[in-house]
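Enquirer: Below you will find the structure I want to go over with you.
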Amino acid sequence: MTPHFLTRTLDRSASVFLLIVVAAGILLPLSNLLLPAGSAFQVPTYLISLFGKYVCYALLALSIDLIWGYCGILSLGHGAFFALGGYAMGMYLMRQIGSRGVYANPVLPDFMVFLNYKELPWYWYGFDMFWFAALMVLLVPGLLAFCFGWLAFRSRVTGVYLSIITQAMTYALLLAFFRNDFGFGGNNGLTDFKDILGFNVQAGGTRAALFALSCLALAIGFLICRAVVTSKLGKVLIAIRDAESRTRFLGYRVESYKLFVFTLSACMAGVAGALYVPQVGIINPGEFAPGNSIEAVIWVAVGGRGTLIGAALGAVVVNYAKTVFTSGPLAPYWLFMLGALFILVTLLLPKGIIGTFSAWWEPRSSKNWKEQRLATASESAAAEDGVGVAKPAE
Amino acid sequence: METRKTSALLYLDGVHVSFDGFHAINNLSLTLAPGEMRAIIGPNGAGKTTMMDIITGKTRPDQGEVLFDGVTDLTKLDETKIAELGIGRKFQKPTVFESQSVEDNLLLALNVDHRVRGTLFWKTSRREADTIERVLEIIRLTGARHRLAGSLSHGQKQWLEIGMLLAQDPKLLLVDEPVAGMTDVETHQTAELLKEINRDNKTVVVVEHDMTFVRELGVKVTCLHEGSVLAEGTIDQVSANDRVVEVYLGR
């Protein structure tokens, strides 16, 4: 009844997706590094960075789909966890600059010298060590999600109200990080990075490695999500999404389940942000903008909510479209197109790209499709016989 | 161990609830012996569903005592805790998990560790698989086990929900209008099903409007009106009561 863990986690489409991610993570960097520049098959470094960005967005979309698609928690503030992970990585990268900054202060980053900081604020301690920063990438978003979720879910805040307070959360963080005296570089954020683990962040090799790592993170994140949603816990999440109070009457502590999955999701978003920052070379408070979080929700809706693969696909497709359109004459109209896309998908493809595709594909791909259809037909006929003289419900 | 205050499995005494000045439950007292089956009837707004809400922790009474098994004060606990004590509920509108299979609906209802970690690393044991098998047979849905619950007919959904109650293995079952919208045949089968469950030494409370069905159950009947007990006894005694005829059955 419960199939083996691996067969349960990796059905055919999940295996195909994983294979594509891993293949991209190996082949694109190899082609970038080994083939001569200008060759038809050589992927230029700027594209590697661009794709790396998409992969980080895909991981963020995956984390949103886990809570929205499977547990019905619509977070419109997930960009906050992404940005916090990004800031944790940015702080490490700032400390790596050392005395190579404009003001050549061995300890204080440039912006602190500029703002007359006398010493490093306590919350910057430890960020000179990579392992500490990596831990914070998981811990800070996770802890914020845990505290936020503990308060919200315990008070049974759901639906639109929850979405609104997640927006408020990311907006509050936006305002806080904009302040110069908050200690994170204010308006300009953190930038001018030099090294990561001793490698130059600008170098082609580092970029290729970061891309490969992003693909690895996406693959691991996908596996974790699949393991969660195919477990019995996944069934409980869907039960909560579809009939929350019914689930409670079965004896499940709904708030604990929501808290677990919300925190897990925030940690994944944090990792995505941490991989994003060294590839784009900057993190600033703009990442907390509520619009960013909403955009990420649109990726999931476009790709297909509750399918995981769809979320990742949606992130890549929408961002590719964004890259194409915002670099052409249509640039001023991008936001209108994004809005229209959201409306059209909601109206015409409510299951998103993947959901619509699999609804079309699955019946055809199964061997005994015809038998199944016959069976369903006879069953429903039998059911109708039984309800022939139904009394009206009260 | 606390001393039992009463030998009854369920004991309600002097319970009051009002919503914005409307007295939904008014000095309601009711006792159920272990292993008893009780039918609750009464006109709309008599407080039948509110009574179930109180027992399952959805609504807190303003006043009064609600004891389970003689020792546990249900007014202090929430829905999850009460479900864990062994009180299962079937709702008026059938609420099954429509996007999941019949089998998964039963799996979710099983009376096992409901904490996050146990559920994440869950493996169905032989015994639990057998329980699901047995319940599927009782509710006659063995052939439909892999179908989505949402694709079942109305009557089948009602049964699936009763099946979920069985999988929960509660001491007390609260069943709200189990035969609403069912055919005569299905109604009869449901009465048989509930009697069978009751024979299994489970205490059952059935709220129902369908008098044929209540008669078929053949158990003690309580008639509620305006939030308190109007009459109690066999179906013949209750339906002969003048007040019951006046407010509920009609002449």
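Chains as they are written, first to last, in numbering that gives the first Met the number 0: chain A, 0 to 393; chain B, 0 to 250. In this text, a Cβ means the ideal position worked out from N, Cα and C, and glycines have one as well.
Using Cβ-Cβ distances below 7 Å, what residues of the segment 212-240 of chain B are close to chain A?
Expert: none
Enquirer: Cα separation between glycine 303 of chain A and valine 315 of chain A?
Expert: 13 Å
Enquirer: Counting only C-beta atoms, is glutamate 370 of chain A closer than 8 Å to chain B at any point?
Expert: In this predicted model, glutamate 370 of chain A has a pLDDT of only 49, less than 50, meaning its place in the structure is not dependable; the value taken from the coordinates is given anyway. Chain B contact via Cβ: absent.
Enquirer: Within a Cβ cutoff of 7 Å, which residues of the same chain sit near isoleucine 293 of chain A, ignoring the five residues on either side of it in sequence?
Expert: Leu75.
Enquirer: Could you check the C-alpha separation between valine 296 of chain A and aspartate 68 of chain B for me, to the nearest Å?
Expert: 49 Å
Enquirer: Taking DSSP's pairing of strands, which residues face histidine 88 of chain B in a bridge?
Expert: The amino acid at residue 88 of chain B is misidentified as histidine; the sequence shows arginine. Arginine 88 of chain B is bridged to B:Leu173.
Enquirer: Looking at the secondary structure, which residues open and close the alpha helix (DSSP H) in which alanine 230 of chain B lies?
Expert: It is not in any alpha helix (DSSP H) - alanine 230 of chain B instead sits in the beta strand (DSSP E) that spans 227-232.
Enquirer: Excluding the five sequence neighbours on either side, which residues of its own chain have a C-beta within less than 7 Å of the C-beta of arginine 476 of chain A, listed in chain order?
Expert: With chain A running from 0 to 393 in the structure shown, residue 476 of chain A is simply not present.
Enquirer: Roughly how many angstroms lie between the CA atoms of valine 14 of chain B and leucine 248 of chain B, to the nearest whole one?
Expert: Cα-Cα distance, rounded: 25 Å.
Enquirer: Can you name the start and end residues of the beta strand (DSSP E) that threonine 306 of chain A belongs to?
Expert: Unbroken run through threonine 306 of chain A: none, as it is neither H nor E.
Enquirer: How about glycine 141 of chain A and glycine 269 of chain A: do their beta carbons lie closer than 8 Å?
Expert: yes
Enquirer: Could you please give me the residues that DSSP links to alanine 38 of chain B through a beta bridge?
Expert: B:Val205, B:Val220
Enquirer: For leucine 29 of chain B, which residues does DSSP report across the bridge?
Expert: DSSP lists B:Leu11 as the bridge partner or partners of leucine 29 of chain B.
Enquirer: At a CB-CB cut-off below 9 Å, which residues of chain B make contact with valine 156 of chain A?
Expert: By Cβ distance, chain B contributes nothing, its closest Cβ being about 16 Å from valine 156 of chain A, past 9 Å.
Enquirer: Alpha carbon to alpha carbon, how far is glycine 232 of chain B from serine 124 of chain B?
Expert: 44 Å
Enquirer: My understanding is that lysine 47 of chain B touches proline 93 of chain B, with C-beta atoms under 8 Å, so please give their C-beta distance in whole angstroms.
Expert: The pair is not a contact, with the Cβ atoms about 17 Å apart (cut-off 8 Å).
Enquirer: Compare the C-beta of tyrosine 251 of chain A with all C-beta atoms of chain B and state if any pair is closer than 8 Å.
Expert: yes
Enquirer: Determine, using beta-carbon pairs with one atom in the segment 240-253 of chain A and one in the segment 74-89 of chain A, whether at least three such pairs fall under 8 Å.
Expert: no
Enquirer: I want to see whether chain B comes within less than 8 Å of alanine 242 of chain A, judged by CB atoms only; does it?
Expert: Yes, alanine 242 of chain A counts as interfacial toward chain B.
Enquirer: Taking a Cβ distance cut-off of 7 Å, strictly less, list which residues of the segment 124-135 of chain A are near chain B, in chain order.
Expert: none
Enquirer: What residues in its chain sit with their C-beta under 7 Å from that of isoleucine 138 of chain B, if we drop five residues either side in the sequence?
Expert: Cβ within range, chain order: Trp158, Leu159, Ile161, Gly162.
Enquirer: Measuring CB to CB, does glutamate 207 of chain B end up less than 8 Å from histidine 145 of chain B?
Expert: no
Enquirer: In the segment 74-100 of chain B, which residues sit with their C-beta less than 7 Å from some C-beta in chain A, listed in chain order?
Expert: Glu78, Thr79, Ala82, Glu83, Arg88, Thr94, Phe96, Glu97, Ser98, Gln99
Enquirer: Within 8 Å, do at least three Cβ pairs link the segment 210-228 of chain B to the segment 39-57 of chain B?
Expert: By the Cβ test, the segment 39-57 of chain B is in contact with the segment 210-228 of chain B, since at least three Cβ pairs between them sit closer than 8 Å.
Enquirer: Sorry if obvious, but does the Cβ on leucine 49 of chain A come closer than 7 Å to a heavy atom of the ligand HEM?
Expert: Among the components of this structure there are no ligands whatsoever, and the ligand HEM is therefore not found.
Enquirer: Start and end of the beta strand (DSSP E) containing glutamate 64 of chain B?
Expert: 62-67
Enquirer: Give the straight-line distance between the Cα atoms of methionine 135 of chain A and valine 95 of chain B, rounded to the nearest whole angstrom.
Expert: Rounded to the nearest angstrom, the two C-alpha atoms are 42 Å apart.
Enquirer: Can you tell me whether DSSP reads leucine 76 of chain B as helix, strand or coil?
Expert: DSSP places leucine 76 of chain B in coil when its eight states are reduced to three.
Enquirer: Please report the Cβ distance between tryptophan 121 of chain B and lysine 231 of chain A, rounded to the nearest whole angstrom; I am assuming they are in contact, meaning their Cβ atoms lie under 8 Å.
Expert: 4 Å
Enquirer: Going straight from the alpha carbon of alanine 23 of chain A to that of lysine 170 of chain B, what length do you get?
Expert: Roughly 56 Å separates the two Cα atoms.
Enquirer: Return the chain-ordered list of same chain residues with a C-beta closer than 6 Å to the C-beta of aspartate 109 of chain A, the five sequence neighbours on each side being excluded.
Expert: Gly100, Val101, Tyr102
Enquirer: Would you mind stating whether proline 60 of chain B and isoleucine 54 of chain B have Cβ atoms separated by less than 8 Å?
Expert: no
Enquirer: Using beta carbons (cut-off 8 Å, strictly below), is leucine 312 of chain A in contact with chain D?
Expert: The structure shown contains no chain D; its protein chains are A and B.
Enquirer: On the DSSP letters alone, give me the boundaries of the alpha helix (DSSP H) that glutamate 243 of chain A sits inside.
Expert: 243-248
Enquirer: Contact check, leucine 73 of chain A vs serine 154 of chain A under 8 Å by CB: the rounded distance?
Expert: That belief does not hold up - the Cβ atoms of leucine 73 of chain A and serine 154 of chain A are roughly 17 Å apart, past 8 Å.
Enquirer: With a threshold of 8 Å between beta-carbons, can alanine 38 of chain B be considered close to chain A, or not?
Expert: No Cβ of chain A is located within less than 8 Å of the beta carbon of alanine 38 of chain B.
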